[in-house]
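So the structure is just underneath, and the comments pick up after that.
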Amino acid sequence: MTLNEKIYKWLDDRFKLSELLPPIVKHPAPLNVVSNPLYCLGGTAFLCFLILVVTGIFLAMYYKPTPAEAYKSVEHIMTAVPMGSLIRSVHHWAANTMIAAVMLHMMRIYFMGAYKKPRELNWVVGISLLLITTTFGFSGYLLPWDQLAFWATKIGTGIAGSIPVIGGYISLILVGGNDIGAETLTRFFAIHVMILPIAIATLLGLHFLMVRIQGISGRL
Amino acid sequence: MALIEVEKHEVEEQKPEPVRVRGLPFFPHFLLREVVVMCLIAGGLIMLASIYPAGLLKPADPFDTPSPIYPEWYFLYVFGFLKFWTWNIGPIPAKMIGVTLPMVLWYGLLILVPFIDRNPSSDIRKRKVAVALGVIALIGILYFTYFSIVHH
Ligand code: HEM
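Chains as they are written, first to last, in my numbering: chain A, 2 to 221; chain B, 8 to 159.
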């Protein structure tokens, strides 16, 4: 018995690998999915999400969410931290690519009619994912605390605040006071690194579970 | 992504296929291709990041409004629509419409798509209305994005 076989047997004895693996490993991926690159878009969005998690964790090790320190810490990441500029720039590009991929993925679902019975609820989960993804972008935009960050957020929260009925509450919850300031920054940080990641992980779990149960739609 | 590939064959199992199942074996061919694609995307991102690093302007100054303030590109259409819509409808001020339509109403409509479109066919030739509406919405979003850049 080679070492590989020994390891396999050890795991097989405990986790029934020989029952679990074949259905995953042996089955062919259908040709219409394999040959059409439009089916890659969901996976591309997910890959970007994973890259964002990894680069985001590195950024969080140096970033300081206070008005006095935020800008300086980002500047420090860009100039002094080894590979800091690369990590932050990859975070930036992965975020934009993810949003583009999610939008194109949604267009594929729409124009292929893949939201129809039985996939209605997965479309609803999908729209929530779209909302979460763009909110990720909105909350991340403020964090560097430069001129663009500050003023774009001021206008953005102003627009959200003028939505009838709920707008006032939205802007109060987001801004946490009368003007963009320390409260806003810590809130946006909490939203960006705690609330949204938990929300998106939950919804992605649901999304993939539903695709798993219902299979990929499509006529051949 | 392996997780997702898992169910791709499940379609094959559920539908009794008259023809024999044609496809790419998941292991190793499909997986290899998947890994290659992932490497290409990751490589592309790293290349973009090194050529166009993320920017950082001057520190935030609440007393100095800079002149062009652009939001992220995916919010531009909201700004564009807000600028575009200048008409009050009865007692409803134009600004309220300009904010509500592209955010609340648009997302409300999007969520309801599967419940509005009751046509069971997924053949693109048999869903002309849905496709036409989709194309109109797409052109609208692109137009308002363009509008927000031009009328800054
Ligand atoms: C974070 C964002 C998202 C990720 C990572 C994601 C990921 C995926 C993946 C990997 C698939 C498998 C098929 C494929 O890739 O095309 C899929 C299927 C699907 N997605 Fe998404 N998705 C996201 C957002 C959305 C959005 C915004 C919508 C629509 C509003 C949506 C609706 C659907 C539906 C209905 C399916 C089933 C398609 C079918 O059976 O053909 N998803 N998603």
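In this text, a Cβ means the ideal position worked out from N, Cα and C, and glycines have one as well.
Using the rule of at least 16 other Cβ atoms within 10 Å of the residue's Cβ for burial, across every protein chain shown, is residue i buried or exposed?
i        : result
A:Met84  : exposed
B:Glu41  : buried
A:Phe47  : buried
B:Pro109 : buried
B:His158 : exposed
B:Leu145 : exposed
A:Phe199 : Here residue 199 of chain A is Ile; the residue named in the question, Phe, does not match the sequence. So A:Ile199 ends up on the exposed side.
A:Thr158 : buried
B:Ile131 : exposed
A:Asn123 : buried
B:Ala56  : buried
B:Gly97  : exposed
B:His16  : Its pLDDT being 45, under 50, B:His16 is placed unreliably by the model, and the measurement read from it follows with that caveat. B:His16 comes out buried.
B:Tyr81  : buried
A:Tyr111 : buried
A:Lys7   : exposed
Just checking: is the beta-carbon of residue i within a distance shorter than 8 Å of some beta-carbon in chain B?
i        : result
A:Arg188 : no
A:Tyr111 : yes
A:Met62  : no
A:Met84  : no
A:Lys65  : no
A:Ile8   : no
A:Met99  : no
A:His106 : no
A:Ile25  : yes
A:Ala69  : no
A:Leu149 : yes
A:Gly138 : yes
A:His193 : no
A:Pro145 : yes
A:Met79  : yes
A:Lys17  : no
A:Asn135 : For the record, residue 135 of chain A in the displayed sequence is Thr; it is not Asn. So, interface residue.
A:Val54  : no
A:Trp11  : no
A:Glu20  : no
A:Pro198 : no
A:Tyr116 : yes
Grab me the residues of residue i's own chain with a C-beta within less than 8 Å of its C-beta, minus the 5 sequence neighbours each way, in chain order.
i        : result
A:Tyr63  : Ser74, His77, Ile78, Val82, Gly85
A:Val194 : Gly57, Ala61
B:Val142 : none
A:Leu51  : none
A:His208 : Asn123, Val126, Gly127, Leu130
Please list, in chain order, all residues of the same chain as residue i whose beta carbon is under 6 Å from its beta carbon, the five residues on each side excluded.
i        : result
B:Asn137 : In the sequence on display, residue 137 of chain B carries Ala and not Asn. Same-chain partners within the cutoff: Asp124.
A:Leu204 : Val126, Ser129, Leu130
A:Arg188 : Gly177
A:Ala115 : Ser218
A:Ser140 : Phe189, Ile192, His193
B:Lys22  : Model confidence at B:Lys22 stands at a pLDDT of 48, short of 50, so the residue's coordinates are unreliable and nothing is read from them.
B:Pro92  : A small correction: the amino acid at residue 92 of chain B is Trp; Pro does not occupy that position in the sequence shown. Ala101, Ile104, Gly105.
A:Phe59  : Ile88
So that I know if they touch, is there some Cβ in chain A lying closer than 8 Å to that of residue i?
i        : result
B:Leu108 : no
B:Leu149 : no
B:Ile48  : yes
B:Leu116 : no
B:Val157 : no
B:Pro121 : yes
B:Thr72  : yes
B:Gly87  : no
B:Leu97  : The amino acid occupying residue 97 of chain B in the given sequence is Gly; Leu does not appear at that position. It does not; no Cβ of chain A falls within 8 Å.
B:Ala139 : no
B:Ile146 : no
B:Val13  : Unreliable placement is indicated for B:Val13, whose pLDDT of 45 sits below 50; the coordinate value is still reported in the next sentence. With 8 Å as the cut-off, B:Val13 counts as an interface residue toward chain A.
B:Lys65  : yes
B:Lys102 : yes
B:Tyr153 : no
B:Leu31  : yes
B:Glu19  : Its pLDDT being 44, under 50, B:Glu19 is placed unreliably in this model, and the value from its coordinates should be taken loosely. So yes, B:Glu19 belongs to the interface.
Among the residues of its own chain, which have a CB less than 7 Å from the CB of residue i, if the five just before and after it don't count?
i        : result
A:Leu53  : His92, Ala95, Ala96, Met99
A:Ser186 : According to the sequence as given, residue 186 of chain A is Leu; it is not Ser. Same-chain partners within the cutoff: Pro66, Thr67, Pro68, Ala71, Leu143, Trp146.
B:Val106 : Leu89
B:Val85  : Pro109, Met110
A:Gly138 : Ala96, Ile100
B:Val18  : Residue placement at B:Val18 is flagged as unreliable, the pLDDT there being 45, under the threshold of 50; the coordinate-derived value follows with that caveat. Excluding positions up to five away in sequence, the list is empty.
B:Arg134 : Asn126, Ser128
A:Gly162 : Gly168, Gly169, Ile171, Ser172
So residue i contacts chain E; which residues on that side make the cut at Cβ distance below 7 Å?
i       : result
A:Arg89 : No chain E is present in this structure, whose protein chains are A and B.
- Item | Every unbroken alpha helix (DSSP H) within the segment 80 to 122 of chain B, with a cutoff of 4 residues, ordered by chain | 83 to 91, 101 to 107
- Do the segment 102 to 115 of chain A and the segment 24 to 42 of chain A meet, that is, are 3 or more Cβ pairs less than 8 Å apart? yes
- Query: Is the segment 31 to 39 of chain B in contact with the segment 150 to 164 of chain A, if contact means three or more CB pairs nearer than 8 Å?
  - Reply: no
- Considering only residues of the segment 72 to 147 of chain A, which uninterrupted beta strand (DSSP E) runs meet the minimum length of 3 residues and lie entirely inside it, listed in chain order? none
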